[in-house]
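Here the structure is laid out as structure tokens; the discussion comes afterwards.
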Amino acid sequence: MNTDEARARVRAVTGPELLERLEHLDATRTRAPVDDRPPACAPDRGAAVDCDVALVGGGLSLLYAPVLAALGVRVHVFDRGRAGVTHREWNASDSELQSLVEMGVVTADELAGLIIARYREGFCRWHQGGTYPVTGVLDRSIDAGALLALVRRRAESLGVVFHDGWALTGHATGERSVALRFADAAGASCEVVARLMIDARGAGSPSATADLICPTVGGVFTGLAQGSAPDEIDPAVGEILVTTEGVEGGRQHIWEGFPGRPGETTVYLFYYDKRERVGDGSLVNLYARFFATLPRYKRGDAVLQRATFGYIPGWSRLSPAPRSPSPRIVLVGDAAARHSPLTYCGFGATLRSVRAASARVAAALAAETVALDPVVHDTDLHRGTGALAHMIASPPQTPSEAQALNGLLDAAFGTLHAMGDAAYGRLLRDEMSGGEFFRFLHATSRRRPEVYGWVFRVMGVAGVGRWGAGVMRGLWSKEATAR
Ligand SMILES: Cc1cc2nc3c(=O)[nH]c(=O)nc-3n(C[C@H](O)[C@H](O)[C@H](O)COP(=O)(O)OP(=O)(O)OC[C@H]3O[C@@H](n4cnc5c(N)ncnc54)[C@H](O)[C@@H]3O)c2cc1C
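Residue numbers (the numbering used here): 5 to 487.
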């Protein structure tokens, strides 16, 4: 299938507005977004402010709006489209979802209504390798659109003001506030002064400089064959990571599939890559591959019901972190990229962050301080898993080694499975301790000693040194202190 056919197929399902979002995302890959139209001058010390917090981006991070508002913060939300609308489907583990209730964003009954599927288990399977089941990981699928619509209503009821259709184009920081310039699709512009801005523009933020990226396309399908064979979908099982071939076109493509409402299945195709390598049109190209190769993954008369797509940034911890350009701008979500660089689970990471990060923002506003960056949750485990993600993003390019990455991943997941369900789940939920992570690496390298040569080839001596130092500083030193 060529890219025009793929574009037409997506447009037929999503309509022009979502296709515009897809093409905007693709365009930002080669014409990196810049905030180059700042207001004429930065606000002076006594400038009147329009709001405490300007939340710029109303995707998943819209969750911050009701939580901040409940803390007494005056919040305005700006989005280049409509805030609270998403082109994603999310899954997470049950314990992560409970935080929505604990934060007061939804009631327990509302959460139960948002969960559209529960799985007995999930699994990872590598081409020509084994199948490795795990429980308690990404085992709940939620209605992402309904969640964000509910979050928007909750925010509005708490006095949050919404400005749909306004894109941020520039900012100028003053001593006590930040002036923001927005433009709409017709070319009109307006200026707003806020005490703080939260940059929730996701992969489209100019500050989203994380070194890895995961282009992801797919959608919700009906018509896929149900059953327990590898090319069928079992409604009680989530497929977390599955490959159906080796490296092709220089990339290791990976499938994910999880059932939703009765008869529906969400299917994604993605690959890990270096940010600078992913160019214009990557999502449309990936869609062309998706439609052409779906039968390798699942059989049936697949009918696309809703398209879901995006770029998810990932930070390997081997390069400088995404940083805010101003003390009055706070990065959250994909712009901050503090989620796992191995699983790219930005939804789960945001659920872990919103409550504490909102409290920190509210406290900083109350104390008139600004030293917040990074405000979102991070974990030392990412210093270790970042290098693994870096390696998956750099698969061997020679045809004779096309199966090598699958072989390594099969050894790694075989090791995790042998370590037991609890340890396996802890790695995927970002809860593994330093000592356990070292045992995992050690056992994997015993299964596949050639991994040492590969690590040095992909990361270089300096990269391995940086990784080792980061791991020792973070994971290992804390482990030693705890002992
Ligand atoms: C297809 C797909 C499936 C996923 N599935 C899962 C999953 O199952 N589990 C999981 O944990 N994670 C998942 N993720 C990751 C998760 O969706 C992201 O990590 C999360 O959405 C990031 O939230 P965010 O608020 O930072 O950005 P987003 O949710 O991407 O929202 C960004 C918002 O900013 C707006 N915007 C952009 N530029 C501007 C501008 N200049 N001015 C104003 N507004 C602007 C956009 O319109 C958009 O509304 C998935 C990602 C993709 C792409």
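Heads up, the beta-carbon is just placed ideally off N, CA and C, and yes, glycines get one too.
Model, not experiment: these values are computed from the prediction.
Residue range of the alpha helix (DSSP H) that includes residue i
i, result
"Met-395", "385-396"
"Leu-431", "425-432"
"Ser-145", "From DSSP, Ser-145 is part of no alpha helix (DSSP H) but of the beta strand (DSSP E) over 144-146."
"Thr-7", "7-18"
"Tyr-456", "455-475"
"Val-105", "98-106"
"His-446", "438-451"
"Pro-70", "68-74"
Range covered by the beta strand (DSSP E) that runs through residue i
i, result
"Thr-1", "A query on residue 1 cannot be resolved here, the shown segment of the chain reaching from 5 to 487 and no further."
"Leu-184", "182-187"
"Ala-190", "First-last for Ala-190: undefined, no H or E at that position."
"Gly-126", "125-129"
"Leu-273", "268-274"
"Pro-491", "Here the chain covers residues 5 to 487 and nothing more, so residue 491 does not appear."
Test: residue i CB closer than 8 Å to a CB of chain B
i, result
"Pro-20", "In the structure shown, chain B cannot be found, because there is only a single protein chain."
Bridge-paired residues (DSSP) for residue i
i, result
"Met-201", "Ala-58, Ile-333"
"Glu-252", "Arg-255"
"Gln-230", "Ile-237"
"Arg-300", "None, per the DSSP bridge assignment."
"Ile-316", "Cys-218"
"His-80", "Ala-58, Val-165"
"Ala-171", "Ala-187"
"Ile-119", "Ile-146"
"Pro-263", "Thr-269"
"Ala-177", "It is Thr, not Ala, that sits at residue 177 in the sequence shown. Bridge partners of Thr-177: Val-182."
"Leu-308", "Phe-225"
"Asp-277", "Ile-217"
"Glu-243", "Phe-127, Gly-261"
"Ala-95", "Note that residue 95 is Asn in the sequence shown, not Ala. Beta-bridge pairing links Asn-95 to Ser-145."
Candidates the options: closest to residue i by CA position
i, options, result
"Thr-419", "Ala-159, Leu-432, Ile-396, Arg-451", "Arg-451"
"Thr-448", "His-421, Thr-34, Gln-401", "His-421"
"Ile-333", "Ala-368, Ala-296, Trp-319", "Ala-368"
"Trp-170", "Ala-240, Ile-146, Val-251, Asp-83", "Asp-83"
"Ala-229", "Trp-259, Val-271, Asp-188, Asp-305", "Asp-305"
"Pro-219", "Phe-186, Ser-181, Glu-268, Glu-280", "Glu-280"
"Asp-238", "Ser-211, Arg-122, Arg-321", "Arg-122"
"Gly-223", "Ala-214, Ile-258, Ala-311, Arg-11", "Ala-311"
"Phe-225", "Leu-200, Ala-87, Gly-264, Asp-39", "Gly-264"
"Gly-464", "Met-395, Arg-144, Asn-410, Pro-403", "Met-395"
Supposed close pair residue i, residue j - CB separation, criterion 8 Å
i, j, result
"Tyr-301", "Val-246", "7 Å"
"Val-221", "Phe-313", "4 Å"
"His-175", "Leu-184", "5 Å"
"Asp-203", "Val-57", "At roughly 11 Å, the Cβ-Cβ gap does not stay under 8 Å, so Asp-203 and Val-57 are not in contact."
"Phe-295", "Met-5", "5 Å"
"Gly-208", "Leu-29", "7 Å"
"Leu-380", "Ser-357", "Correcting the residue type first, residue 380 is Val in the shown sequence and not Leu. About 4 Å separates the two Cβ atoms, so the contact holds."
Burial state of residue i, where buried means 16 or more other Cβ atoms lie within 10 Å
i, result
"Pro-453", "exposed"
"His-446", "exposed"
"Val-469", "The displayed chain sequence assigns Gly, not Val, to residue 469. The residue in question, Gly-469, is exposed, as its Cβ has fewer than 16 Cβ neighbours within 10 Å."
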